[in-house]
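Here is the structure we will look at, set down as structure tokens.
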Amino acid sequence: MPETLAGAWTLEPALLTALALSGLAGLWWLRGAGPGPRRALGVAGAGAVVAFVSPLCALTVALFAARSLHHMVLILLVAPALAVAFPWRRAPLGAGFIALSAALWAWHVPALYAAAWDSAAVYWAMQLALLGSGWVFWTAALSRRGELSVVLGAAGAATALAAQMGLIGAILVFAPAVLYPEHLVGAEGFGLGALGDQQLAGLVMWVPGMVPLALVAGWMLRQGWREADAR
Numbered sequence: 538m539p540e541t542l543a544g545a546w547t548l549e550p551a552l553l554t555a556l557a558l559s560g561l562a563g564l565w566w567l568r569g570a571g572p573g574p575r576r577a578l579g580v581a582g583a584g585a586v587v588a589f590v591s592p593l594c595a596l597t598v599a600l601f602a603a604r605s606l607h608h609m610v611l612i613l614l615v616a617p618a619l620a621v622a623f624p625w626r627r628a629p630l631g632a633g634f635i636a637l638s639a640a641l642w643a644w645h646v647p648a649l650y651a652a653a654w655d656s657a658a659v660y661w662a663m664q665l666a667l668l669g670s671g672w673v674f675w676t677a678a679l680s681r682r683g684e685l686s687v688v689l690g691a692a693g694a695a696t697a698l699a700a701q702m703g704l705i706g707a708i709l710v711f712a713p714a715v716l717y718p719e720h721l722v723g724a725e726g727f728g729l730g731a732l733g734d735q736q737l738a739g740l741v742m743w744v745p746g747m748v749p750l751a752l753v754a755g756w757m758l759r760q761g762w763r764e765a766d767a768r
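Counting along the sequence shown from 1, when you hit position 73 you're at 610 in my numbering, and nothing is skipped either side.
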């Protein structure tokens, strides 16, 4: 409920232990690296705390719009930060794009969403699929350099991902019925109603989802043209 949200931190020992061990393992892996990867790991860690420990995590139980924002934190903050910290130089862009697209759509299939709602194992499998595929996609997209056609491919993939977020957002905004009844009670507690919550989730997909990806695609194109002109 709104009045208790500020104190709704997820302080489960297993979760905190997993995050702490992951952070320590990452620091050990980067022990000989420069400051850039270490800073990126810090950003990824902060994003993970926001997504899984802060009151945002508790809010995802009440509001589907918060779930959409939670996914944006993973896809647009944590995953690219991990890609900078731990780049996979031979990451396949096409496979990463397909896997991330599949994971994103899976979270919006009502039956799969209900399964994640009812099962912690399914929930974490879907979260890790989203984060892992996001890491592959971003490490491939951000490492594309050289030929202009290669850079254009990365920019095109980012644009296509933005378009998918826009499509999902449109479905959520214009759906005439509630697709995720799991949030019926929670949305009412925040005075939104389940359909209003669903529409707000669609707007989250449109603005915080599409705009950063469009900016990244534009930056990639700019860098690609600069490198091409420099030759």
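Backbone N, C-alpha and C define an ideal beta-carbon position, used for all residues, glycine too.
1) Rounded to whole angstroms, what is the Cα-Cα separation between P718 and L667?
2) Along the alpha helix (DSSP H) that carries Y528, what are the first and last residues, could you check?
3) Here's the rule I'm using: 16 or more other beta-carbon atoms within 10 Å means buried, otherwise exposed. How should A658 be labelled?
4) What's the C-alpha gap between W672 and L613?
5) Looking at the structure shown, is A754 part of a helix, part of a strand, or coil, going by DSSP?
6) Taking just the CA atoms, how far does F727 sit from L769?
7) Answer yes if the region 643-659 comes into contact with the region 567-581, meaning at least three C-beta pairs across the two stretches below 8 Å, and no otherwise.
8) Which residue from V748, A662, G573 and A651 puts its Cα closest to that of V598?
9) Please report the straight-line C-alpha distance between T554 and R763, rounded to a whole angstrom.
10) Would you kindly report the start and end of the unbroken alpha helix (DSSP H) that includes E725?
11) Pull up the distance between the alpha-carbon of A588 and that of L596, whole angstroms please.
The short version:
1) Position 181 of the sequence shown holds residue 718. Position 130 of the sequence shown holds residue 667. Roughly 22 Å separates the two Cα atoms.
2) This structure cannot settle anything about residue 528, because the visible part of the chain is limited to 538 through 768.
3) By 1-based counting over the sequence shown, the position of residue 658 is 121. The residue in question, A658, is exposed, as its Cβ has fewer than 16 Cβ neighbours within 10 Å.
4) Residue mapping note: residue 672 aligns to position 135 of the sequence shown, counting from 1. Residue mapping note: residue 613 aligns to position 76 of the sequence shown, counting from 1. The alpha-carbon atoms of W672 and L613 are separated by roughly 10 Å.
5) As a working note, residue 754 is residue 217 in the sequence shown. For A754, the three-state secondary structure derived from DSSP is helix.
6) The structure shown does not extend to residue 769, since the chain spans only 538 to 768, so no value can be given for it.
7) The region 567-581 is not in contact with the region 643-659.
8) As a first step, residue 598 must be located in the sequence shown, where it is residue number 61. Closest option to V598, Cα to Cα, is A651.
9) One-based indexing of the sequence shown puts residue 554 at position 17. One-based indexing of the sequence shown puts residue 763 at position 226. Going by the C-alpha atoms only, they are around 45 Å apart.
10) The count along the sequence shown starts at 1 and reaches residue 725 at position 188. Start and end: L721 to G726.
11) Translated into positions along the sequence shown, residue 588 becomes position 51. Translated into positions along the sequence shown, residue 596 becomes position 59. Rounded to whole angstroms, A588 to L596 spans 10 Å at the Cα level.
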